[in-house]
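K.L.:
Sending over a structure as structure tokens; questions will come in a sec.
Residue numbers (our numbering): 65 to 327.
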């Protein structure tokens, strides 16, 4: 169960996938990662029992040595493999996003945190994935803070969307993606906002998010009292608002029917 050692000069990541949701994320990260990242991928069995008694029955003979594991499973059984995957790879941190509660149920998330704590490996459980920033994840009232440098290195490039928006004549003329969604949705939104009027851009962002499409759950989430798909969409819309800055507020501040005194 040994592989090549992770290089001190490279950021080695293992994406563990089980289906379309995880595969799209892994492919986007691999395609758009910085040049000093090496992104490996392992497709875990799509069918796993609810309770995994012997993880070795479902793991490969070996896995690459990495710094960070991205656990992109779609059933709860995958979560139970993560501690063994960490031991096989020598990983020093884990990101296990929750875009569907079925994949990482609350009780199992608590167990995973405890299992990894016992071997001194920090874990971030962003719910949804696009809530992951460089020191926090989740949305109110669930905001969690963290300070692990490996997770921060990942989150500097993928997670909570950030944009730099250029406006001319109240239209968007350029959008720079400063941090992409792990799935690539932020870049898709940025590419399709060029030429859009500022006062239509937030609504347009919401439409583009759905059309991408977002694969987060449409089931009601008890913690947010909303669907994770909608929560994800709000992160994108908030990011566009922040990117627009005063360009947006100038238009939004004016009450309906207001006429400037000095046209």
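No residue lacks a Cβ here, since even glycine has one placed at the ideal position from N, Cα and C.
1) In terms of residue numbering, what span does the beta strand (DSSP E) encompassing residue 222 cover?
2) May I ask you to list the residues that DSSP assigns as paired with residue 136?
3) Between which two residues does the beta strand (DSSP E) holding residue 261 run?
4) Going by the CB atoms, is the gap between residue 299 and residue 337 shorter than 9 Å?
5) Over the uninterrupted beta strand (DSSP E) stretch that includes residue 242, give me the two end residues.
6) Assign residue 80 to buried or exposed, taking buried as 16 or more other Cβ atoms, counted over all protein chains shown, within 10 Å of its Cβ.
7) Are residue 142 and residue 112 close, meaning C-beta to C-beta below 9 Å?
8) Nearest by alpha-carbon distance to residue 284: which of 187, 297, 274, 165 is it?
9) Alpha carbon to alpha carbon, how far is residue 92 from residue 99? Give it in angstroms, no decimals.
10) Could you check the C-alpha separation between residue 121 and residue 137 for me, to the nearest Å?
11) Measure the beta-carbon distance from residue 163 to residue 192 and round it to whole angstroms, keeping in mind my assumption that it falls under 8 Å.
12) With a 10 Å radius around its C-beta and 16 neighbouring C-beta atoms as the bar for buried, classify residue 327 as buried or exposed.
13) Within 10 Å of its beta-carbon, does residue 311 have 16 or more other beta-carbons around it, so buried, or fewer, so exposed?
14) Identify every residue that forms a DSSP beta bridge with residue 104.
15) Can you find the residues in the same chain that come closer than 7 Å, C-beta to C-beta, to residue 203, ignoring five residues on each side of it along the sequence?
P.N.:
Once the coordinates are examined:
1) Segment: none, residue 222 is in no beta strand (DSSP E) and carries neither H nor E.
2) 81
3) Segment: none, residue 261 is in no beta strand (DSSP E) and carries neither H nor E.
4) In the structure as shown, the chain begins at 65 and stops at 327. Residue 337 is therefore absent and cannot be evaluated.
5) 235–243
6) buried
7) Yes, these two residues count as a Cβ contact at 9 Å.
8) Ranking 187, 297, 274, 165 by Cα distance to residue 284 puts 165 first.
9) 14 Å
10) 17 Å
11) 5 Å
12) Only weak support is given to the placement of residue 327: the predicted model assigns it a pLDDT of 37, under 50, and the value that follows is read from those uncertain coordinates. Its Cβ having fewer than 16 others within 10 Å, residue 327 is exposed.
13) Answer is buried; the Cβ neighbour count reaches 16.
14) 78
15) 195, 288, 295
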